[in-house]
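Numbering (the UniProt record's numbering), first residue to last: 1 to 696.
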């Protein structure tokens with residue numbers, strides 16, 4: 001039922017001035033019956049003076065207009081004129097001045113297939129035309145072609161709302177009519193199929209004969225033809241305007257609804273300004289208060305995306321503010337989806353489906369994890385690596401978005417990545433060789449990690465007697481800064497061709513309850529990504545417990561309880577610890593002490609970085625540099641690891657950085673050489689010398 005707007009009603013009653021020329025302060029609220037009234041509407045109703053019943057006020061209600069002036073019988077349908085009655089709280093018959101003499105009703109017309117109600121809010125308002133009281137066959141047809149409000153028991157729908165569905169209704173009617181008029185003799189099963197396609201679902205398949213079905217389909221065709229004839233007549237002026245607007249590529253604001261049919265595929269752009277294809281679900285006009293008050297035309301659309309377990313629908317909204325005159329159709333936030341664009345989006349969609357699930361990639365030189373499930377469950381989740389990825393039909397590939405979601409391992413941010421910018425990871429085949437460490441220790445580490453190459457839960461490893469415990473590789477790397485601890489974890493990750501997930505102990509919290517939650521989620525993510533996990537500066541978890549530090553004791557206990565169930569590769573680094581907790585010592589697969597670099601170690605590191613920087617240094621200069629007390633990280637920062645595409649890279653730093661000495665060379669516009677290293681070396685030595693005096 002068409003209820004009047006509170007704003008319009010009160011305006012005609014003289015309660016407040018006409019705001020039609022200004023931006024509305026409140027959205028229009030339907031004038032609903034008391035049982036379904038919105039609180040805003042109820043508040044407004046309380047301010048409306050209700051006329052007292054009496055002879056004068058009830059005169060109009062008692063004077064029932066002549067039926068011939070409130071109804072016009074037409075060919076198989078009935079036109080009625082109604083007005084809203086405040087006392088009766090419903091629409092009542094209305095003698096419109098626009099009413100003309102009704103045409104003679106054909107004698108053979110025994111029923112009306114639908115009613116056309118012209119409803120007036122007040123005597124001075126403009127009528128809105130509604131379709132009500134549908135015949136049973138017509139209602140069944142409209143439920144399958146139009147849907148929406150037609151699934152109500154007594155639907156009442158504005159005539160204007162049928163325009164976007166006209167093409168589908170024509171097509172369905174033509175198909176059904178062609179079937180009925182065909183010379184071919186159809187079977188009972190074929191008629192059953194056609195009947196269900198047009199909404200005639202309540203047929204008794206056992207008792208109904210073929211002739212019964214034929215009659216029902218013919219009856220439906222007749223009812224729908226009458227309705228379509230009426231609609232075509234009503235929409236001819238609009239159709240002419242739309243055709244003219246299309247030919248010139250310009251449209252007025254009130255015509256926008258006719259260029260966006262529900263069910264139609266259209267092209268719009270996403271937050272990256274990349275094209276995406278979506279399906280229109282609904283269009284409507286409405287008012288908006290904030291942030292830009294005014295009247296808008298809204299288009300509600302849906303597309304497809306990977307939600308971590310299956311392909312689901314997402315919804316987006318596009319809108320256009322009311323404008324005067326005409327506007328270029330091509331300038332709207334949406335446009336027609338052309339076949340060539342659809343093919344390009346389909347190709348991108350195939351690339352998107354290839355990145356469903358968990359993937360280790362490079363995005364704009366940074367290594368990332370593509371994982372929608374983890375993006376939505378950042379506290380970690382349990383992943384089944386054998387769970388198959390469902391396939392998406394090829395005809396829907398173009399509806400997929402331009403971005404995927406996951407974690408940036410370098411910036412440590414949960415974010416999105418443009419699918420077309422993702423590249424394969426190029427692992428550094430020489431990373432293990434760059435590691436300056438005792439050869440026996442390197443052999444031991446490599447042997448232990450090789451066991452985990454196939455599966456984290458390798459059955460060949462000896463586990464704890466308790467199911468679920470042990471089976472992982474937990475290594476403690478202990479030593480001062482710059483001695484190769486982080487480089488060891490990076491080299492192992494390159495060797496295993498897995499992601500390196502680095503977490504600082506400060507990110508895990510120093511409070512036992514929060515530590516347990518954060519540590520479990522970190523381990524879950526590392527397991528889901530099959531990543532090598534590095535917990536940096538883990539001193540607080542590893543140091544021996546005492547009787548006096550209860551909170552730190554609790555931290556150690558939490559770490560012990562959680563870490564012993566991890567089945568992946570885990571490195572814990574420490575540089576300040578004095579004594580390890582005995583319980584931890586029994587759980588380490590290997591513990592490595594990294595001593596301060598001696599001359600031999602520093603010489604090897606200088607040689608590695610000079611080789612990567614493609615710089616030749618004399619033996620004398622190399623010995624002079626090796627004699628200086630720099631640690632490995634300081635040396636790396638003094639020399640550029642930037643490169644030639646070869647292993648650029650991938651060195652272990654995970655991203656290309658121009659270091660101090662090469663930056664100096666670039667600033668002087670001279671080839672990089674030993675003189676630049678010497679300048680930086682002297683500055684670094686001076687700093688270290690002054691810093692050591694401050695400590696004393």
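We put the CB at the ideal spot given by N, CA and C, even for glycine.
Can you find the residues in the same chain that come closer than 8 Å, C-beta to C-beta, to residue i, ignoring five residues on each side of it along the sequence?
| i | result |
| --- | --- |
| residue 336 | 266 and 267 |
| residue 499 | 360, 367, 369, 409, 493, 529, 530, 531 and 532 |
| residue 195 | 201, 203, 213, 216 and 217 |
Less than 6 Å between C-beta atoms, sequence neighbours within five positions excluded: which residues of the same chain meet that for residue i?
| i | result |
| --- | --- |
| residue 432 | 491 and 495 |
| residue 288 | 296 |
| residue 197 | none |
| residue 113 | 76, 77, 135, 138, 223 and 226 |
| residue 478 | 574 and 593 |
| residue 321 | 294 and 296 |
Given this structure, state the Cα-to-Cα distance separating residue i from residue j, to the nearest angstrom.
| i | j | result |
| --- | --- | --- |
| residue 443 | residue 349 | 45 Å |
| residue 128 | residue 278 | 32 Å |
| residue 536 | residue 482 | 13 Å |
| residue 449 | residue 281 | 53 Å |
| residue 325 | residue 255 | 11 Å |
| residue 376 | residue 525 | 12 Å |
| residue 185 | residue 179 | 10 Å |
| residue 617 | residue 474 | 39 Å |
| residue 531 | residue 315 | 34 Å |
| residue 497 | residue 406 | 19 Å |
| residue 451 | residue 400 | 39 Å |
| residue 697 | residue 447 | Only positions 1 to 696 of the chain appear in the structure, and residue 697 is not among them; the question remains open. |
| residue 607 | residue 430 | 14 Å |
| residue 242 | residue 415 | 43 Å |
| residue 221 | residue 67 | 31 Å |
| residue 390 | residue 381 | 20 Å |
| residue 167 | residue 379 | 49 Å |
| residue 89 | residue 79 | 22 Å |
| residue 439 | residue 522 | 32 Å |
Pull up the DSSP beta-bridge partners for residue i, would you.
| i | result |
| --- | --- |
| residue 93 | 82 |
| residue 416 | 405 |
| residue 113 | Looking at the DSSP assignment, residue 113 forms no beta bridge with any residue, so it has no partner. |
| residue 147 | Note: residue 147 sits in no beta bridge, so no partner. |
| residue 313 | 304 |
| residue 330 | In the DSSP output, where bridge partners are listed per residue, residue 330 has none listed. |
| residue 778 | Because the chain is modelled from 1 through 696, residue 778 falls outside the range shown and cannot be assessed. |
| residue 252 | 326 |
Applying the 10 Å Cβ sphere with the 16-neighbour rule, what's the burial state of residue i?
| i | result |
| --- | --- |
| residue 165 | buried |
| residue 193 | exposed |
| residue 579 | exposed |
| residue 303 | buried |
| residue 502 | buried |
| residue 118 | buried |
| residue 311 | buried |
| residue 585 | exposed |
| residue 505 | buried |
Put residue i into one of helix, strand or coil per three-state DSSP.
| i | result |
| --- | --- |
| residue 594 | coil |
| residue 132 | strand |
| residue 275 | strand |
| residue 73 | strand |
| residue 176 | helix |
| residue 492 | helix |
| residue 574 | strand |
| residue 214 | helix |
| residue 203 | coil |
| residue 236 | helix |
| residue 30 | Model confidence at residue 30 stands at a pLDDT of 36, short of 50, so the residue's coordinates are unreliable and nothing is read from them. |
| residue 228 | helix |
| residue 189 | helix |
| residue 400 | coil |
| residue 336 | strand |
Within its chain, find whatever has a CB closer than 7 Å to the CB of residue i; leave out the 5 residues flanking it on each side and keep chain order.
| i | result |
| --- | --- |
| residue 272 | 402, 403 and 418 |
| residue 363 | 417, 421 and 422 |
| residue 346 | 397 and 398 |
| residue 724 | Any question about residue 724 goes unanswered here, given that the chain covers just 1 to 696. |
| residue 298 | 283, 284, 286, 317 and 319 |
| residue 22 | The pLDDT assigned to residue 22 is 37, lower than 50, so where the model puts this residue is not dependable; a value taken from the coordinates is nonetheless given after this. For residue 22, where only same-chain residues beyond five positions count, there are no Cβ hits under 7 Å. |
| residue 332 | 320 |
| residue 259 | 251 and 329 |
| residue 516 | 558 and 562 |
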